[in-house]
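Have a look at the structure below, then the notes.
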Amino acid sequence: MTDIVDVVEFEIGGELYAMDIQLAREIVEMIPITPLPRAPEYISGIINLRGEITTVLTISELIGIRKKKEDNTQKIIILVPEASGGSNVGIIVDDVLSVIQVPVDSIEQIEGTMSTGGGHYIKGIIKTRSESGEVLKKSRESDERSGLILWLDIEKILHDLVDLSVK
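Position in the sequence shown (from 1) plus 3 gives the number in our numbering.
Structure (structure tokens):
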């Protein structure tokens, strides 16, 4: 039996990305965000989510991805506190597409080739098409695109790039 990985597939800047499903507590529609004075560019601000103050990060700023203009499809993926050192954190994405199950043999592991820049925050590349073009993993958007999804290491991004001491 093939090992399966569950991931949340989302879009930033017209490209497909994924993250481990166990890191996502919930997905919420975009709500008004209160900016924090003198905060780094990647901190969009804070929200009050059912009585919990949650810091909202712009993931595209963190890893240097060009994002499309803000629109009504943007979502906030609220992370489990364990992913962010116990803090309440959410990340803004352009859209959340689906939760998909990916066979481990459809994931290309990254070695050395992308270790500089933002590349070392990529856990792997999920192939949604075989070499012959056959669809391996059906998702809402993957048929119309390159057939590749970049699987981000959200925990590593938060650990390495984000100062979560602002609580």
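The C-beta atom is built at its ideal place from N, Cα and C for all residues, glycine as well.
Being a predicted model, the structure only gives us computed values, none of them experimental.
Taking the alpha carbon of residue 108 as the reference point, which residue from 91, 94, 127, 95 has its own alpha carbon closest?
127
Just to confirm the assignment: which complete alpha helix (DSSP H) runs, minimum length 4, are found wholly within the region 52-122?
62-66
Measuring alpha carbon to alpha carbon, tell me which residue in 7, 18, 158, 5 is nearest residue 69.
18
Note down the Cα distance separating residue 59 from residue 105, rounded to an integer number of angstroms.
28 Å
Contact defined as beta carbons within less than 8 Å: I believe residue 49 pairs with residue 37. What is the distance between those atoms, to the nearest angstrom?
5 Å
Assuming residue 155 is part of the beta strand (DSSP E), what are its boundary residues?
151-155
Residue 93: which of 113, 123, 32, 124 sits nearest, CA to CA?
32
Kindly indicate the opening and closing residues of the beta strand (DSSP E) around residue 124.
Residue 124 -> no beta strand (DSSP E), and no H or E assigned at all.
When you compare the CB positions of residue 26 and residue 160, do they come within less than 8 Å of one another, or not?
no
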